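Just below is one structure, and these are the notes that go with it.
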Amino acid sequence: MNCENESLIEIKDLKIGFKTPEKILHAVKGISLEVRKREIVGIVGESGCGKTVTALSIMRLLPDNTIVTGNINFSGINLLSLKEDETREIRGRDISMVFQDSLSSLNPLMKVGRQIDENLMIHTSLDNRDRLSEVLDIMDKVGLPDPEQTYEKYPHELSGGMRQRIAISIAIVCNPDLIIADEPTTALDVTVQAQILELLRKINRESNSSIVFISHNLGVIREVCSKVYVMYAGHIVERAPAETLFTNPGHPYTMGLIKALPKLESKGKELFDIRGRVPSIADLTQGCPFEPRCDYSFERCKKEFPDLKKIDSDHEVRCFLAGGIL
Amino acid sequence: MNKSRINLWIGIVLISVLMLMMVVSLFYTPFSVTEINRLERFEPPSARHLLGTDNFGRDVLSRIMKGSQTAFFVGLVAVSIGSILGVLIGAISGYFGGIVDEIIMRIVDSMMAFPSILLALMFVSVFGVGLRNTIIAIGIMSIPSFARITRSGFVQHKELDYVKNAKIKGVSNLRIMFRHILPNVLSPIVVAASMGFANAVLAEAALSYLGLGIQPPNPSWGKMLSESQVFITVGPWYAIAPGVFITLLVLGFNFLGDGIRDIREKR
Amino acid sequence: MFVYLKKLFAMFLTVLLVLLITFVTFEIIPGNPALSRLGVDAQESQYEALAAELGLNDPLEIRLSRWLKGLFTGDLGISMRYSVPVSELILDRLPVTISLAVMALVLIVLIGIPLGIVSAKYGERLPGILITLISQIGMAIPSFWSGIILIYIFGIVLRWVSPGGFVPWSQDAYGAFKSLILPAVAIALPSIASIIRYTRNSIMDQMKNDYVQLALSKGLNLNSVLLRHVLKNALIPIITVLGMIAANILGGSIVIEQVFTLPGVGRLLINAITTRDLPLVQGMVLYIAFIIVVINFFIDIIYTVIDPRIRLVQRG
Amino acid sequence: MRRIVLILILLLFAVTTLLSQRIVVAVMQDPDFLDPHRAAASGTYEMMFNVFEGLLKPDPNGTVIPAIAESYSVSEDGMLYTFTLRSGVKFHDGSVVTVDDVLYSLNRLKGSNGERGLSSDFEKFVSKIEAVDDKTVKVELSTLNTDFLEKFIVAIIPESNENHEKNPVGTGPFRFVEYRPGQRLVIERFEEYWNPELPKVEEVEFRIIPDNQAAIMSFLAGEVQILPRLDAIQAMVLGDRYNLLTAEQNMVQLMAMNHAVEPFDDIRIRRAINHAVDKEEVIEIVADGYGTKLGSNMSPIMSTYYREGLEDYYEPSAEKAKALLSEAGYPDGFDTKITVPSNYQFHIDTAQVIAEQLKRVGIRAEIELVEWSVWLDRVYTAREYEMTIIGLTGKLSAYEILRRYVSDYPRNFFNYSDVEYDRIIGLAIEKTAVEEKASLFRKAQEILTEDAAAVYIMDPNFIVALAPNLHGYTIYPLYVQDMSTLYYR
């Protein structure tokens with residue numbers, strides 16, 4: 158099947174800025190990325206690096222005071238040029254989203270079944286009965302016990318894992334081409350986390366949906382993704398297949414993230430932490446944004462902004478030292 | 240940045256203008272406030288009488304100016320009474336907690352459930368009408384809201400480390416309450432005071448309108464409204480002016496309160 | 062359940078306190094119900110007969126015990142001014158005040174909440190700011206002043222409605238509506254303004270929640286998201302405010318009934334206070350307390366209907 | 036434009052009222068009792084005048100005319116009154132008025148069989164009430180009171196009525212329909228009234244609106260058709276679109292000074308205050324000129340007894356006032372308080388003007404407003420006040436007006452005491468010859484003026500506003516509203 162390599166969504170030079178009374182602050186500073194059909198792509202980075210904003214820009218869910226430029230090509234259409242009602246057609250049907258905290262992302266006052274049903278109501282012309290059976294099917298498919306009873310429950314009556322399954326049901330009920338999962342497992346404990354990851358993999362296998370998996374946790378990314386983009390301060394600093402990233406990280410930031418992962422053997426020892434903090438989006442430096450925190454920085458890093466350098470056919474790194482001494 | 244301060248600035252401007260008018264009236268009014276002039280009754284607004292004259296031929300502007308003294312005075316004293324007692328009660332209730340807190344807060348809740356104008360009305364009718372009792376009544380009826388706001392601040396802050404540290408150091412409760420915690424919970428109280436001022440002005444106007452507030456010949460905006468009501472057909476300016484000024488002053492303090500809250504929330 | 066009982070008990074204590082204070086103060090303050098009823102033209106004999114009939118000359122302990130007995134048997138007593146059972150007087154006036162309050166509440170909900178939604182929808186854009194500004198002004202206008210202006214415009218100039226006349230609903234429903242609509246508007250105006258603000262703030266708070274993003278990400282349009290998802294959530298704090306407004310409408314009706322000379326409970330209360338009619342004043346206090354308890358009860362019920370979470374977790 | 040508005044208003048009035056033949060009258064207060072023998076407040080009489088009648092009734096000239104009685108006679112010595120009943124007078128319940136009903140009513144007032152009477156006057160002055168035949172009643176006095184004839188305007192009520200309070204039954208032109216406390220008292224036309232020409236309208240509602248300003252608003256809106264007792268400024272507001280009637284109303288508006296309180300025990304102070312007050316200015320400002328200047332406690336409307344020429348006894352003069360103040364030891368004036376009932380805007384306005392006038396001679400008067408009930412208790416009964424402004428409503432009897440100043444009169448709230456005055460009043464009431472009696476009462480008025488017993492301000496004109504198409508209003512020198520003669524045209 159050659160569709161494996163067919164591109165589903167391609168983002169080119171995406172810039173996202175927030176208008177403030179004084180100036181425009183850029184959260185995303187020109188990123189490009191591509192998701193192919195049936196692929197699970199990870200976006201990783203610390204909070205504030207622009208990954209959630211990127212996801213929201215695909216959904217066109219950013220507030221009014223944002224300026225988005227660039228190109229998001231989804232199955233041949235530029236999402237950014239669509240009118241409001243045209244985006245609504247795509248939202249939920251072609252692209253859907255799973256949010257981090259299912260407790261706050263589900264409407265607390267609406268029965269969960271109805272919240273899944275709503276999606277079908279908007280995008281299909283099925284009647285009540287068909288929709289109900291569809292919803293119950295999906296609930297069964299994501300592993301919710303007793304779908305009929307669960308349908309009648311309110312979010313606060315369910316456990317975190319079950320709520321996240323509801324959120325996933327909402328995302329997949331219309332069989333979308335792309336699911337954006339923004340930190341879908343962060344709020345869950347480890348065992349439930351594994352179940353949810355397994356579920357996402359299963360959905361990817363069975364329903365042909367591509368998934369953009371956003372997380373700050375490289376470990377989780379490694380489990381599900383085939384390709385990973387590492388973001389830092391609004392830039393993509395490294396792109397690589399998941400395994401390559403771990404075996405041969407090209408950017409000092411990626412190395413830091415890997416080091417920061419808790420490992421079995423390091424149990425009891427102090428966890429490694431990248432020193433310093435993520436720069437605020439208001440900071441405007443000429444040089445490499447990671448320079449202040451980088452162990453390998455030198456004079457040039459302060460003055461010049463490095464390009465994305467291809468060090469392998471599917472491996473790109475934004476660092477002067479990439480492919481060289483690192 | 241300017242946008243978030245707009246409430247504050249509208250409030251400050253309105254209040255300053257009215258306050259200026261009040262201060263001026265302490266030394267000067269265009270005409271005597273009480274002197275009766277039978278030849279100039281119901282004169283419409285003119286260069287001589289900017290807001291016209293009333294049924295006694297008194298200059299409406301002068302009376303409005305004088306009335307601003309009453310409004311500010313009532314507001315200031317009533318809010319002081321309400322905030323001092325309210326903060327005291329709220330602080331004790333919030334800081335010590337327990338049964339005292341329970342009892343105080345139940346009473347405060349029930350008091351808040353009653354329409355405040357009713358309580359003020361009962362108070363005034365029982366203890367007699369007049370400036371002093373009006374102020375006391377309005378002050379008392381604003382105690383519960385101050386008490387509640389202060390209490391919630393104290394409940395939050397008493398668990399914080401700086402309070403615990405102070406306790407360990409052996410600082411007295413009184414000092415902790417008023418030197419350590421109070422300054423930290425002051426800003427919502429200031430907002431409440433600003434809103435309370437607006438409410439006091441409205442309450443005074445209502446009581447005076449009912450004839451149970453400020454007594455003539457002291458000019459009070461509310462009293463002026465009730466006196467002018469029947470003259471609305473012959474001297475609409477007289478019936479409209481006090482209402483406009485009540486509205487402006489209340490508006491000023493509401494904006495000020497909102498403005499302070501905006502700043503606090505932004506922080 | 063325990064919370065309700067505690068609330069009820071606190072209310073009971075407060076009312077008892079208020080009643081005791083009224084009893085004591087009516088003892089101290091000048092003013093005598095018999096005198097105020099008979100006026101300047103009464104002969105001594107007439108005054109004495111009435112004072113004896115009202116039991117004003119009885120010693121304090123007898124009056125106190127009579128008062129306590131009435132309190133515990135639920136007997137509100139007989140009005141000193143009108144020689145009619147207090148409960149009868151209050152019941153007679155109740156329909157006016159209740160319909161006034163209900164009409165005002167309906168106006169507040171029907172006008173305030175939609176405008177609040179619109180204002181929230183437009184957020185910081187012009188219509189939103191405009192509505193906020195107007196509501197800010199609306200909150201600052203004293204209701205009795207707007208009442209006067211309304212009477213002037215609609216009563217005197219246009220003669221659409223007639224202030225001061227009240228026809229019972231049973232007699233002429235349209236007439237009753239006409240006589241109540243202006244005062245209801247006057248009472249409602251400031252509350253409409255504050256409900257607009259609360260609705261706006263509450264909705265804008267809710268809009269920050271993830272469930273809004275999720276709803277939008279399903280492909281719902283903004284209006285549907287507002288109405289189907291946000292509104293219900295935003296209503297919860299608004300209902301608390303509505304409860305307070307309902308109580309304040311009772312207070313506001315005291316002034317407005319005076320402006321519009323409506324034969325409601327508020328005017329009865331002012332009468333009772335000025336004529337030193339102790340049983341009537343106490344009856345009114347009890348009545349108001351009762352209404353407030355009822356309002357709070359309804360508010361609590363509405364909460365449980367709207368918010369499924371409350372069935373599990375008791376609100377403190 | 037104004038014309039069109041006027042025509043529209045007239046039309047509206049015509050339509051609304053012609054259809055209903057109903058009059059709504061604004062009144063200030065609730066009745067105290069519906070039982071006419073227990074009622075004391077003039078506000079009650081104002082309304083119930085239309086429901087009840089006595090053997091005699093007041094007429095618009097200030098005298099009494101036969102009502103249930105067809106005729107009456109008084110013996111030479113003034114001790115025996117004889118009344119002959121009109122035949123066929125019916126109560127509202129349909130029964131005919133009998134001698135027994137008259138005896139029952141009068142005895143109820145006098146008291147009988149050891150029970151106290153409901154009227155201290157009847158108790159004090161009447162010795163015997165008896166029926167001569169089934170048409171004639173004789174009343175004998177125990178003490179001479181030549182003003183007693185006016186007492187027989189008191190209501191005759193049926194013996195058969197079990198509850199005069201709940202179900203008042205009389206013989207007047209209107210029958211009682213309902214009373215709702217604080218709201219309204221409604222009466223309707225009595226078809227079998229002994230004078231077949233009266234009344235002319237079907238129904239009258241007395242709407243209780245304690246707040247005069249609200250009453251005016253209701254009137255302007257056409258909700259009320261009669262506004263009795265407007266003051267002139269308020270009348271001015273109504274303008275010329277309405278039917279305004281003006282007349283003296285037999286009221287004495289005065290500023291009382293408490294003679295038991297310093298410095299008002301000093302006649303020089305009282306005189307100084309009298310000089311300080313410019314009545315004409317008060318009348319001009321407060322009543323827009325519609326008031327009659329007074330000099331003593333009697334309105335000129337009581338023409339028989341009125342002592343003319345006292346109005347200017349104390350001419351307004353700041354110099355004289357100051358001189359008298361210095362003489363009395365207050366060259367710089369003093370601080371005092373004018374207590375005014377808060378429900379009477381007219382008196383409040385008067386107080387504001389007088390306070391300004393007193394300021395000119397150095398007397399600093401603070402105005403203290405009190406509720407009506409407080410005024411009655413503290414000022415009128417307990418006499419704890421310095422100065423107060425009040426209007427004393429007129430009576431048909433000069434004796435009842437002037438006896439307020441008799442030292443031992445229970446409601447002498449002036450604390451006025453003068454032996455000569457007491458003597459003259461006691462003497463006057465025993466004179467049967469009218470001129471003799473009148474000259475004594477005039478003398479009494481002079482004493483009050485010379486003693487500066489109070490500041491007698493004015494008889495404020497009685498202004499009634501009527502809907503433009505309402506006619507036939509009768510003015511009485513009494514606090515009554517006669518509804519029987521009114522009609523729409």
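Protein chains in written order, with the numbering used here: chain D, 158 to 483; chain C, 240 to 506; chain L, 62 to 377; chain F, 36 to 524.
Backbone N, C-alpha and C define an ideal beta-carbon position, used for all residues, glycine too.
Only a predicted model underlies this, so the values are computations on that prediction, with no experimental measurement involved.
Within chain L, no C-beta atom comes nearer than 7 Å to that of residue 459 of chain C; the closest sits roughly 12 Å away.
In the structure shown, the three-state DSSP call for residue 131 of chain F is strand. Note on residue 248 of chain C: under 16 other CB atoms within 10 angstroms of its CB, so exposed under the neighbour-count rule. Here residue 204 of chain F has 126, 127, 128, 192, 193 and 196 as same chain residues with Cβ atoms under 7 Å from its own Cβ, once five neighbours each way along the sequence are excluded. Straight-line spacing of the CA atoms in residue 100 of chain L and residue 155 of chain L works out to 28 Å. Taken in chain order, the unbroken stretches of alpha helix (DSSP H) that lie wholly in the stretch 252-321 of chain L and span 4 residues or more are 271-278 and 292-320. Relative to the Cα of residue 161 of chain L, the nearest Cα in the group L/114, L/93 and L/245 belongs to L/245. By the neighbour-count definition (other C-beta atoms within 10 Å, threshold 16), residue 284 of chain L is an exposed residue. For the pair of segments examined, the stretch 352-372 of chain D was found to touch the stretch 200-207 of chain D: the number of CB pairs separated by less than 8 Å reaches three. Under the DSSP assignment, residue 304 of chain D falls in the alpha helix (DSSP H) whose first and last residues are 304-308. Our two residues, residue 364 of chain L and residue 297 of chain L, have alpha carbons roughly 7 Å apart in a direct line.
Rounded to the nearest angstrom, the gap between the Cα atoms of residue 78 of chain L and residue 261 of chain D is 45 Å. Using a Cβ distance threshold of 8 Å, residue 337 of chain D and residue 184 of chain D do not count as a contacting pair. Going by beta carbons, residue 445 of chain D and residue 462 of chain D fall inside the 8 Å limit. Under the Cβ distance rule, residue 278 of chain C does not count among the residues neighbouring chain L, no pair being separated by less than 8 Å. Close CB contacts of residue 413 of chain F within its chain, under the 8 Å cut and outside five residues either way in sequence, are with 374, 405, 419 and 420 (chain order). Beta-carbon to beta-carbon, residue 499 of chain F and residue 263 of chain F are separated by about 5 Å, close enough to satisfy the 8 Å threshold. Taking the beta carbon of residue 320 of chain L as reference, the chain F residues within 8 Å of it are 249, listed in sequence order. At least one C-beta of chain L is nearer than 8 Å to the C-beta of residue 348 of chain C.
Residue 400 of chain D and residue 228 of chain D have their C-alpha atoms roughly 29 Å apart. The beta carbon of residue 87 of chain L lies closer than 6 Å to those of 339 in the same chain, with the five residues before and after it left out.
As for any beta strand (DSSP E) of minimum length 3 sitting wholly inside the stretch 216-247 of chain D, the runs are 223-231, ordered along the chain. Residue 216 of chain D and residue 425 of chain C have their C-alpha atoms some 43 Å from each other.
Between residue 82 of chain F and residue 279 of chain F, the CB-CB gap reaches or exceeds 8 Å. Within the stretch 180-244 of chain F, the complete beta strand (DSSP E) segments of 3 residues or longer fall at 209-215, 219-224 and 238-243, listed in chain order. In this structure, residue 165 of chain F sits near residue 173 of chain F, with a CB-CB distance shorter than 8 Å. Secondary structure remark: continuous alpha helix (DSSP H) runs of at least 4 residues inside the stretch 173-261 of chain L, in chain order: 174-183, 187-201 and 204-211.
Its chain contains 267, 286, 290 and 291 as the residues whose beta carbon lies nearer than 8 Å to that of residue 273 of chain L, once the 5 sequence neighbours on both sides are disregarded; these appear in chain order. Runs of beta strand (DSSP E) with 3 or more residues, each lying fully within the stretch 271-304 of chain C, are absent.
Contact with chain L is found for residue 445 of chain C, since one of that chain's Cβ atoms lies less than 8 Å from the residue's Cβ. Using a CB distance below 8 Å, the part of the stretch 263-283 of chain L facing chain D consists of 270, 271, 272, 274, 275, 276, 277, 278, 279, 280, 281 and 282, ordered along the chain. A residue is called buried once 16 or more other Cβ atoms fall within 10 Å of its Cβ, and residue 198 of chain F, having fewer, is exposed. For the C-beta of residue 354 of chain C, the chain L residues within less than 7 Å are, from N- to C-terminus, 308, 309, 311 and 312. Below the 9 Å Cβ cutoff, chain D contributes 265 and 266 as neighbours of residue 368 of chain L, in chain order.
Straight across, the Cα-Cα distance linking residue 233 of chain L with residue 227 of chain L is about 10 Å. Taking 8 Å as the cut-off, the Cβ atoms of residue 394 of chain C and residue 415 of chain C do not count as close.
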